[in-house]
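Enquirer: Let me give you the structure first, and then I'll get to my questions.
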Amino acid sequence: MFRSAFRLTRIIFTVLRFRLDALIPFDKLPWYLRYTVGPFFSLGRQRAIRNRGERLRLALESLGPIFVKFGQILSTRRDLLDDDLADELARLQDKVPAFSGQLAQSIIERDLKAPVSELFAEFSAAPLASASIAQVHTAKLHSGEDVVVKVIRPGIEKTIRQDIRLLYSLAHFIAKSSSDGRRLRPVEVVTDYEYTILDELDLAKEAANTGLLQRNFTDSDLLYVPQVYWDYCHKNVMVMERISGIPVADIDALNAAEVDMKSLAERGVEIFFTQVFSHSFFHADMHPGNIFVDATNPLQPKYIAIDCAIMGSLDDADKNYLARNLLAFFQRDYRMVAQLHVESGWVPKETPVHAFESAIRSVCEPMFAKPLKDISFGQVLIGLFQTARRFNMEVQPQLVLLEKTLLNIEGLGRQLYPDLDLWVTAKPFLERWMRQQMGPKRMIEEVRKQAPEWAGQFPKLPNLIFSALTQISKQEELMTQQTHAIEALTKEVNQANRGLPFKLLGLVSLGAAWFISDPESLQRLQTADIFSMLLFAAGLYLLVLKP
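Take the sequence shown: its letters are residues 1 to 547, numbered as in our numbering.
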């Protein structure tokens with residue numbers, strides 16, 4: 001409790017120090033806050049010299065690694081943030097002080113239940129790299145393989161959960177304070193952050209992600225994924241192959257190795273679309289620190305990917321709608337783009353398609369006035385999502401990760417090769433993928449995929465057929481019995497009603513006889529009385545005749 005109060009005090013002090021109170025719309029706060037804390041905060045509002053994005057970035061940096069990580073993730077939510085805030089937060093870097101090598105060693109020994117000297121032939125207590133969640137040490141196995149050992153920061157989970165609780169409180173406050181706060185959906189942003197960062201705390205999940213990505217690119221000449229040593233993996237410890245390559249952001253080293261930069265950029269785009277559309281499993285944290293280049297063959301350079309903590313996936317429906325959306329956009333078919341958004345459920349079903357189409361056209365059409373190579377593919381997606389947001393588009397977490405990754409890939413590609421035309425690279429891939437989804441090859445693949453299940457059901461087929469035929473036979477017998485019962489009932493009713501007309505005639509005759517025997521009654525008989533008698537006779541006949 002004391003620690004949480006101290007942390008909250010530090011956060012409040014940081015808000016005041018960097019004048020983040022200038023971002024709070026005090027005129028829209030409840031009156032009791034406006035007249036109590038409002039004057040206190042507003043004392044220094046005029047001293048906020050730097051722009052709001054820079055102040056926010058500096059404040060997050062001063063609060064430590066958890067808030068730095070939050071700022072990084074927040075910078076990818078361009079569907080929710082204004083551009084100036086997103087651009088400034090994108091500058092955040094993971095420059096975090098390392099923790100003690102002896103402490104890292106004790107964590108390894110505790111979780112792997114053996115001394116470091118038994119686990120490794122060599123182990124370096126000095127960290128190779130340090131980030132907000134974990135740090136990395138180099139080592140060598142007794143079998144001779146060079147490896148890296150990733151260790152989660154001690155006590156980081158408790159700190160993260162405390163900070164997340166505070167972030168939720170702040171998010172609820174912002175959401176209630178103004179319409180702009182509600183539009184940014186801060187609670188949803190914190191929820192996404194919580195899910196992402198808690199996954200990063202489990203290195204067993206990261207190891208599993210790494211293994212799957214490695215299998216997807218087995219024997220590939222595009223991407224290499226390091227091997228995981230499963231006997232040395234735990235929730236807090238992960239051991240994997242140590243790779244050697246050129247950091248993808250080191251342009252000078254790539255040029256010195258005579259790497260074909262155009263080929264490198266285009267291969268990066270191909271890797272991205274292969275992961276998204278062919279594997280439905282993509283690396284969603286493709287910033288330069290996680291990518292290296294194998295320049296052994298400089299004309300066909302190969303990527304090396306590490307840090308698979310954050311992965312994304314799309315189901316078949318999302319992939320289909322996304323591919324059709326992008327192809328429709330390439331063809332400037334904005335009506336189709338609007339219809340696909342409605343059909344997919346990304347916007348409410350009652351959305352007026354013509355109005356949505358007009359809004360999309362107003363955002364996207366100006367882009368085609370530029371040369372294709374100057375159009376940002378990522379910005380197109382952002383434009384589409386921001387336009388859809390005006391029509392109450394529900395946030396799709398898988399699409400947010402996709403947008404984040406695409407922005408990283410495109411920015412990296414243009415850094416490597418400024419003339420990269422992402423459209424030329426992407427369109428043929430999407431067209432080929434769509435043909436594969438609708439052609440005979442896809443049908444054969446589906447049959448092959450379902451064949452094991454069909455084979456498992458095949459031995460049961462004779463029993464199922466026999467059971468079905470038995471049920472049909474029983475139904476036929478039941479129908480025959482019901483038909484005979486209905487016929488017998490009808491015969492009885494007909495026999496009962498056969499003498500009814502004679503009975504009614506007798507009744508009328510009796511009445512007539514009574515009137516004839518009483519001349520005075522016959523004289524008093526009026527037209528209405530005759531009509532009533534006829535109705536009585538008809539009603540009596542219907543009641544007796546009908547079942």
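Here a beta-carbon is modelled for each residue, glycine too, at the ideal position from N, C-alpha and C.
(1) Could you spell out the range, first to last residue, of the beta strand (DSSP E) harbouring residue 303?
(2) Ignoring anything shorter than 4 residues or poking outside the region 81-113, list the alpha helix (DSSP H) runs there in chain order.
(3) For the region 226-255, list the alpha helix (DSSP H) runs that are entirely contained and at least 4 residues long, ordered along the chain.
(4) Counting along the chain, where does the beta strand (DSSP E) carrying residue 552 start and finish?
(5) Within 10 angstroms of its Cβ, does residue 419 collect 16 or more other Cβ (buried), or is it exposed?
(6) In angstroms, rounded to a whole number, what distance separates the CA positions of residue 61 and residue 158?
(7) In angstroms, rounded to a whole number, what distance separates the CA positions of residue 433 and residue 316?
(8) Give me the DSSP bridge partner(s) of residue 286.
(9) Apart from the five residues just before and just after residue 20, which ones in its own chain have a Cβ nearer than 7 Å to its Cβ?
(10) Which residues does DSSP pair with residue 223 in a beta bridge?
(11) Flag this pair as yes or no: are the beta carbons of residue 140 and residue 147 separated by less than 8 Å?
(12) Taking 8 Å as the CB-CB limit, is residue 68 close to chain D?
(13) Looking only at its own chain, which residues have a Cβ that is under 6 Å from the Cβ of residue 272, when we skip the five neighbours before and after it?
(14) Quick check on the DSSP output: the alpha helix (DSSP H) that includes residue 360 runs from which residue to which?
(15) What are the boundary residues of the alpha helix (DSSP H) that includes residue 116?
(16) In three-state DSSP terms, what is residue 259?
(17) Quick check on residue 490: buried or exposed, where buried means 16 or more other Cβ atoms within 10 Å of its Cβ?
(18) Does the contact criterion of 3 or more C-beta pairs under 8 Å hold for the region 331-345 versus the region 357-365?
(19) Quick check on this structure: which residue in 380, 298 and 228 has the alpha carbon closest to the alpha carbon of residue 258?
(20) Can you list, in chain order, the residues of its chain with a C-beta nearer than 6 Å to that of residue 361? Leave out the 5 residues immediately preceding and following it.
(21) Can the beta-carbon of residue 112 be found closer than 8 Å to that of residue 152?
(22) As a quick exercise: from 327, 264, 283 and 69, pick the residue whose alpha carbon is nearest that of residue 403.
(23) Could you check which residue in 104, 115 and 164 has the C-alpha nearest to that of residue 135?
(24) Tell me, to the nearest whole angstrom, how far the beta carbon of residue 217 is from that of residue 154; I am working on the premise that it is less than 8 Å.
(25) Would you call the region 305-314 in contact with the region 258-269, where contact means no fewer than 3 C-beta pairs closer than 8 Å?
(26) Any idea if residue 248 is buried or exposed, counting beta-carbon neighbours within 10 angstroms, 16 or more meaning buried?
(27) Quick check on residue 310: does DSSP put it in helix, strand or coil?
(28) Would you decide whether residue 46 is buried or exposed? Buried here means 16 or more other CB atoms lie within 10 Å of its CB.
(29) Using the Cα positions of residue 235 and residue 119, report the straight-line distance between them to the nearest angstrom.
(30) With DSSP as the reference, label residue 376 as helix, strand or coil.
(31) Between the C-alpha atoms of residue 472 and residue 466, what's the straight-line distance to the nearest angstrom?
(32) In angstroms, rounded to a whole number, what distance separates the CA positions of residue 102 and residue 11?
(33) I'd like the span of the beta strand (DSSP E) that includes residue 140, first residue to last.
(34) Return the CA-CA distance between residue 144 and residue 226, expressed in angstroms with no decimal places.
(35) So, is residue 176 buried or exposed, given that buried needs 16 or more other C-beta atoms within 10 angstroms?
(36) From residue 415 to residue 252, what does the alpha carbon distance come to, in whole angstroms?
Expert: In short, the structure shows the following:
(1) One-based indexing of the sequence shown puts residue 303 at position 303. Taken as a continuous stretch (DSSP letters only), the beta strand (DSSP E) holding residue 303 covers 302-305.
(2) 83-89 and 101-112
(3) none
(4) Residue coverage of the chain in this structure runs from 1 to 547, which leaves residue 552 outside it and unanswerable.
(5) The residue given as residue 419 occupies position 419 in the sequence shown. By the 10 Å Cβ count, residue 419 comes out exposed.
(6) Sequence index remark: in the sequence shown, residue 61 carries index 61 (1-based). Sequence index remark: in the sequence shown, residue 158 carries index 158 (1-based). Cα-Cα distance, rounded: 19 Å.
(7) Here residue 433 corresponds to residue number 433 of the sequence shown, with the count starting at 1. Here residue 316 corresponds to residue number 316 of the sequence shown, with the count starting at 1. Cα to Cα, residue 433 sits roughly 12 Å from residue 316.
(8) In the sequence shown, the residue the question calls residue 286 occupies position 286. Beta-bridge pairing links residue 286 to no other residue.
(9) Start at 1 with the first residue of the sequence shown, and residue 20 comes out as number 20. The residues are 55, 56 and 59.
(10) Here residue 223 refers to the residue found at position 223 when the sequence shown is read from its first residue. DSSP, once it has assigned bridges, lists 303 as partnering residue 223.
(11) To locate residue 140, count along the sequence shown from 1; it is residue 140. To locate residue 147, count along the sequence shown from 1; it is residue 147. Against a cut-off of 8 Å, the Cβ pair of residue 147 and residue 140 comes out as a contact.
(12) You won't find chain D in this structure, because it holds only one protein chain.
(13) Looking up residue 272 in the sequence shown gives position 272. Hits under 6 Å: 409.
(14) Working through the sequence shown from its first residue, we reach residue 360 at position 360. Taken as a continuous stretch (DSSP letters only), the alpha helix (DSSP H) holding residue 360 covers 353-364.
(15) Within the sequence shown, the letter at position 116 stands for residue 116. Taken as a continuous stretch (DSSP letters only), the alpha helix (DSSP H) holding residue 116 covers 116-119.
(16) Locating residue 259 in the sequence shown gives position 259, where the first residue counts as 1. Correct three-state label for residue 259: coil.
(17) Stepping through the sequence shown from its first residue, residue 490 is reached at position 490. Burial call: exposed.
(18) yes
(19) Here residue 258 refers to the residue found at position 258 when the sequence shown is read from its first residue. If we check each option's Cα against that of residue 258, 298 comes out closest.
(20) In the sequence shown, counting from the first residue as 1, residue 361 sits at position 361. For residue 361, where only same-chain residues beyond five positions count, the Cβ hits under 6 Å are 334.
(21) What you label residue 112 is simply residue 112 of the sequence shown in a count that begins at 1. What you label residue 152 is simply residue 152 of the sequence shown in a count that begins at 1. Taking 8 Å as the Cβ cut-off, residue 112 and residue 152 do not qualify as a contacting pair.
(22) For the purposes of this step, residue 403 is taken as the residue at position 403 of the sequence shown. Nearest to residue 403 by C-alpha distance, out of 327, 264, 283 and 69, is 283.
(23) Stepping through the sequence shown from its first residue, residue 135 is reached at position 135. Selected option, being the one with the closest Cα: 104.
(24) Residue mapping note: residue 217 aligns to position 217 of the sequence shown, counting from 1. Residue mapping note: residue 154 aligns to position 154 of the sequence shown, counting from 1. Their Cβ separation, rounded to whole angstroms, is 34 Å, which puts residue 217 and residue 154 out of contact at 8 Å.
(25) no
(26) Working through the sequence shown from its first residue, we reach residue 248 at position 248. Buried, because 16 or more other Cβ atoms sit within 10 Å of the Cβ of residue 248.
(27) For this step, residue 310 is matched to residue 310 along the sequence shown. The answer is coil: DSSP assigns residue 310 none of H, G, I, E or B.
(28) For the purposes of this step, residue 46 is taken as the residue at position 46 of the sequence shown. Note that residue 46 scores a pLDDT of 44, beneath 50, so its modelled location is shaky; the value from the coordinates is reported in the next line. Around the beta carbon of residue 46, fewer than 16 other beta carbons lie within 10 angstroms, which makes this residue exposed.
(29) Stepping through the sequence shown from its first residue, residue 235 is reached at position 235. Stepping through the sequence shown from its first residue, residue 119 is reached at position 119. In a straight line, the C-alpha of residue 235 is about 17 Å away from that of residue 119.
(30) Taking the first residue of the sequence shown as position 1, residue 376 is located at position 376. Judged by DSSP in its simplified three-state form, residue 376 adopts coil rather than helix or strand.
(31) For the purposes of this step, residue 472 is taken as residue 472 along the sequence shown, with counting starting at 1. For the purposes of this step, residue 466 is taken as residue 466 along the sequence shown, with counting starting at 1. Whole-angstrom Cα-Cα distance: 10 Å.
(32) In the sequence shown, residue 102 corresponds to position 102, counting from 1. In the sequence shown, residue 11 corresponds to position 11, counting from 1. Taking the straight line from one Cα to the other gives about 31 Å.
(33) Sequence index remark: in the sequence shown, residue 140 carries index 140 (1-based). Residue 140: member of the beta strand (DSSP E) spanning 134-140, first to last residue.
(34) Numbered from its first residue, the sequence shown carries residue 144 at position 144. Numbered from its first residue, the sequence shown carries residue 226 at position 226. Using only the alpha carbons, I get a separation of about 16 Å.
(35) As a position in the sequence shown, residue 176 is number 176, starting the count at 1. By the Cβ-count criterion, residue 176 is exposed, with fewer than 16 other Cβ atoms from all chains shown falling within 10 Å of its own Cβ.
(36) Sequence index remark: in the sequence shown, residue 415 carries index 415 (1-based). Sequence index remark: in the sequence shown, residue 252 carries index 252 (1-based). Rounded to whole angstroms, residue 415 to residue 252 spans 12 Å at the Cα level.
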